[in-house]
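Here's the structure, in structure tokens; my notes come after.
In full-length UniProt numbering, the protein residues as written are 1 to 124.
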């Protein structure tokens, strides 16, 4: 972490690491159960996004999910992939295949996001 390490940051990062999936703020709140308030979690997640520790994903249901970044830096994020949300257990995970979009000449791609919904291998 580039910023000062705090008990709240340590708790949130541990929740994200142990989950192995992307989590919403509400899911993280449930896992830290009273150790910190909603505003603290929100600030921690935003600082993680700014520092390249997590990336924020806006789901097709209008909710943000947070996933740990792999090989990202503050100035360079590489999240050109789709995300999968299980409609049964609500598990959200990054799909590792990169998305390649052929844009017209003169266009410059900044970000690609997309969702696939269905049933995960545990719920299928």
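Positions of the beta carbon are idealized from the N, C-alpha and C atoms, including for glycine.
Beta-carbon proximity check, residue i vs residue j, cutoff 8 Å
i: residue 113; j: residue 57; result: yes
i: residue 60; j: residue 6; result: no
i: residue 81; j: residue 70; result: no
i: residue 110; j: residue 101; result: no
Spatial neighbours of residue i in its chain, beta-carbon cut-off 7 Å, leaving aside the 5 residues before and after
i: residue 8; result: 36, 40 and 44
i: residue 119; result: 86, 87 and 88
i: residue 97; result: 81
i: residue 67; result: 22, 54, 55, 57 and 94
Buried/exposed call for residue i, threshold 16 Cβ in 10 Å
i: residue 107; result: exposed
i: residue 28; result: buried
i: residue 123; result: exposed
i: residue 23; result: buried
i: residue 99; result: exposed
Other residues of its chain near residue i: CB distance less than 6 Å, five sequence neighbours each side excluded
i: residue 13; result: none
i: residue 63; result: 24
i: residue 1; result: In this prediction, residue 1 scores a pLDDT of 47, lower than 50, which makes its location untrustworthy; the coordinate-derived value is nonetheless stated afterwards. Once the five neighbours on either side are set aside, residue 1 has no close Cβ partner at all.
i: residue 127; result: Summary: the structure shown does not reach residue 127, with the chain confined to residues 1 through 124, and so no result is reported for it.
Item to check | 4 or more residues per run - each alpha helix (DSSP H) lying fully within the region 24-55 | outcome: 25-32 and 38-50
Next on the checklist: In chain order, what are the residue ranges of uninterrupted alpha helix (DSSP H) at least 4 long that sit wholly in the region 68-117?
Outcome noted: none
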